[in-house]
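Numbered per this note's numbering, the sequence shown spans residues 156 to 626.
Beta carbons: idealized from backbone N, C-alpha and C, even for Gly.
Only a predicted model underlies this, so the values are computations on that prediction, with no experimental measurement involved.
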Amino acid sequence: MDFTRLTIAQVRKKLDRKEISSVELTKAYLERIGKLDRKLNAYITVTEKEALHTAKKADEKIAQGDASPLLGIPFSAKDMYLTKGIRTTAGSKVLENYIPQYSATVLEKMEHAGAVLVGKNNQDAWAHGASGEHSDFGPTKNPWNLAYIPGGSSSGPAVSVAADLASFAIATDTGGSIRQPASLCGITGLKPTYGRVSRYGVVAMASSFDTMGHFTRSVEDSALILSVTAGYDEHDATSSEKPVPHYASELKKNIKGLKIGMPKEYFTSGLDSNVSKTVKTAMHKLEELGAEIIPISLPHTQYGVGVYYILQTAEVSSNLARYDGIRYGNNRETFGDEAKRRIMLGTFVLAHGYYDAYYKRAMKIRTLIRQDFDIAFRKVDAIACPVSPTPAWKIGEKVSDPLAMYLADIFTVTANIAGIPGLAIPAGFAMGMPVGMQLLGPQFSEDILFRIGHQYQLTTDWHTRKPDLPV
Ligand code: GLN
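Next comes the structure, spelled out in structure tokens:
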């Protein structure tokens with residue numbers, strides 16, 4: 156039996172029944188990485204030695220009867236997460252040899268839970284991108300077709316889960332970087348509410364948008380991980396003190412009578428007709444499960460990409476100013492083109508004389524976009540819509556056209572602008588490539604999104620489909 160294909164919930168049972176040990180499971184993943192990653196390029200650093208050490212310790216605890224949900228489970232982390240003593244690059248040559256002095260809170264929580272870090276994942280440098288092609292460590296390939304992009308910026312974390320090179324992966328979502336690659340790789344991806352999970356120890360991209368989430372093979376697994384990562388952190392003043400619900404028990408509730416909004420602005424002419432059909436079919440399934448689909452309007456959606464690329468670049472230009480090559484990191488010449496583009500754009504929109512015309516106006520529209528959601532959530536419990544306007548595209552297709560790449564974020568940036576949670580789940584295929592459906596909800600409504608997603612996965616099998624990879 157190939158244990159690397161199982162969900163966390165499934166492999167947990169095998170570990171507890173001693174059908175496999177954490178060391179064996181970790182070795183199986185490391186072996187797969189060894190065989191496949193030369194082609195896929197999902198990892199920047201593989202932490203074999205540390206992983207086997209952690210797995211051995213996990214096995215000792217399992218032998219003593221400890222059955223904590225993530226104990227002994229191998230996972231990977233986007234290279235934005237600081238890992239004490241382990242190289243952390245953010246996908247950029249600026250931090251090529253940077254070894255952090257401390258670990259991100261999420262990583263500390265993982266360590267405490269006994270999860271086994273097998274490596275640090277490839278990504279677009281500084282999390283700028285929607286394709287994985289902006290990594291200074293080479294592009295990551297989509298396991299469903301190696302000529303295609305896997306999405307970004309969390310290209311490596313998505314591919315490690317989709318290609319069974321880790322059983323889950325921790326990543327960041329500032330404008331769609333978890334939901335979009337989840338959709339393009341056929342897996343489950345969660346962007347929690349802003350402030351639900353601590354940002355401490357994660358390389359900052361755009362601080363008022365950055366959210367820490369994860370990739371999994373099922374919604375059930377996603378809920379399991381959020382139970383571990385969510386919660387207040389004294390090191391992050393924007394982390395929420397709201398108690399963390401018991402997500403696992405919420406999953407079991409049916410969705411009869413839930414009102415799910417269908418925003419007309421997300422089903423317009425720019426949307427690929429196959430994607431539109433797939434998402435509508437998935438929504439029909441939700442209706443069969445007892446939900447009520449209600450047409451809604453989010454009138455300011457069309458300004459989302461514009462607002463995002465003004466405010467996000469402004470924050471990026473400030474956050475990247477610390478990489479001056481003095482205390483750590485290589486000097487500023489090592490920044491890639493995309494980072495330079497964003498620093499220039501961000502500096503421009505903040506400059507005296509342009510601030511009112513761009514930054515201030517974008518801030519006002521940010522409020523309007525947020526109000527669109529507030530108004531909608533008075534009528535509906537959640538919203539269902541596409542994640543990406545198209546399935547994955549060919550490597551190289553959009554890399555020289557930044558605007559085309561930015562427009563791919565049209566359906567994901569709004570959740571970051573408003574700080575609300577979003578869950579991407581596999582909903583089908585278009586021309587052989589995966590297509591996801593996005594579920595959005597009010598702030599701190601992850602429990603409702605999990606419930607809808609889980610009920611959908613109980614009656615569909617899209618999330619169980621695997622790419623055909625030579626081993
Ligand atoms: N594609 C978006 C961008 O390039 C999102 C990035 C992200 O979420 N980190 O900014």
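Of the heavy atoms belonging to the ligand GLN, at least one sits nearer than 7 angstroms to the Cβ of His283. Straight-line measurement puts the Cα of Leu195 at about 7 angstroms from the Cα of Pro298.
When the Cα atoms are used, Pro418 and Leu426 turn out to be separated by approximately 13 angstroms.
Residue state for Ile188 is assigned as helix, using DSSP reduced to three classes. By alpha-carbon distance to Ser332, the top candidate from Ala585, Ser394, Gly583, Ile565 is Ile565.
Remark: C-beta atoms of Gly608 and Val374 approach each other more closely than 8 angstroms. The residues Leu345, Leu594, Leu604, Gly608, in chain order, have a CB closer than 6 angstroms to that of Leu578 in the same chain once the five nearest residues on each side in sequence are set aside.
For Ser424, the number of other beta carbons within 10 angstroms of its own is below 16, and it is reported as exposed. An exposed status is given to Gly587, since fewer than 16 other beta-carbon atoms sit within 10 Å of its beta-carbon. Rounded to whole angstroms, Pro541 and Ala218 show a C-alpha spacing of 45 angstroms. Taking all protein chains shown into account, Ser404 has fewer than 16 neighbouring C-beta atoms within 10 Å of its C-beta and is therefore exposed. Of the candidates Pro398, Thr162, Ile530, Glu447, the residue whose Cα lies closest to the Cα of Pro454 is Ile530. Between the stretch 502 to 517 and the stretch 548 to 562, the count of C-beta pairs closer than 8 angstroms stays below three; the two stretches do not touch.
Per DSSP, the unbroken alpha helix (DSSP H) holding Leu170 starts and ends at 163 to 171. The straight-line gap separating the alpha-carbon atoms of Leu406 and Gln612 is approximately 11 angstroms.
Ala563 is the residue among Ala563, Asn571, Gln598 whose C-alpha sits nearest the C-alpha of Ser338. Between the ligand GLN and Thr343, a heavy atom-to-CB distance of less than 7 angstroms is absent. For His401, the number of other beta carbons within 10 angstroms of its own is below 16, and it is reported as exposed.
Residue environment for Asn571: buried (at least 16 other C-beta atoms within 10 angstroms of its C-beta). In this structure Val626 is exposed. Its beta-carbon is surrounded by fewer than 16 other beta-carbon atoms within 10 angstroms.
Excluding the 5 residues flanking it on each side, Gly350 has same chain C-beta neighbours closer than 7 angstroms at Thr393, Ser394, Ser395, in chain order. Per DSSP, the beta-bridge partners of Pro541 are Met592. Proximity of the beta carbon of Met265 to the ligand GLN is not indicated: no heavy atom of the ligand is located closer than 7 angstroms.
Leu262 sits away from Thr243, with the two beta carbons spaced by 8 angstroms or more. A Cβ-Cβ distance of about 17 angstroms is found for the pair Leu207 and Ala232, leaving them out of contact under the 8 angstroms criterion. Taken in chain order, the whole beta strand (DSSP E) runs of length 3 or more contained in the stretch 334 to 403 are 343 to 346, 366 to 371.
Along the stretch 430 to 504, the alpha helix (DSSP H) occurs as fully enclosed runs of 4 or more residues at 459 to 474, listed in sequence order.
For Met518, same chain residues with a beta-carbon under 8 angstroms away, outside a window of 5 residues either side, are Leu466 in chain order.
Ser309 and Lys216 have their C-alpha atoms some 32 angstroms from each other. In this structure, Ala245 sits away from Ala197, with a CB-CB distance that is not shorter than 8 angstroms.
Judged by the Cβ position, Gly331 qualifies as a neighbour of the ligand GLN at the 7 angstroms threshold, a heavy atom of the ligand being closer than this. In this structure, the straight-line span from the alpha carbon of Gly445 to that of Leu180 is close to 39 angstroms. Of the candidates Val460, Gly491, Arg525, Gly491 places its Cα closest to the Cα of Glu288.
If you draw a straight line from the Cα of Lys211 to the Cα of Lys204, it comes to about 11 angstroms. Under the rule that a run must span 3 or more residues, the beta strand (DSSP E) segments found entirely inside the stretch 203 to 271 read 229 to 233.
Contact holds between the stretch 314 to 332 and the stretch 182 to 190, because three or more Cβ pairs, one in each stretch, are under 8 angstroms apart.
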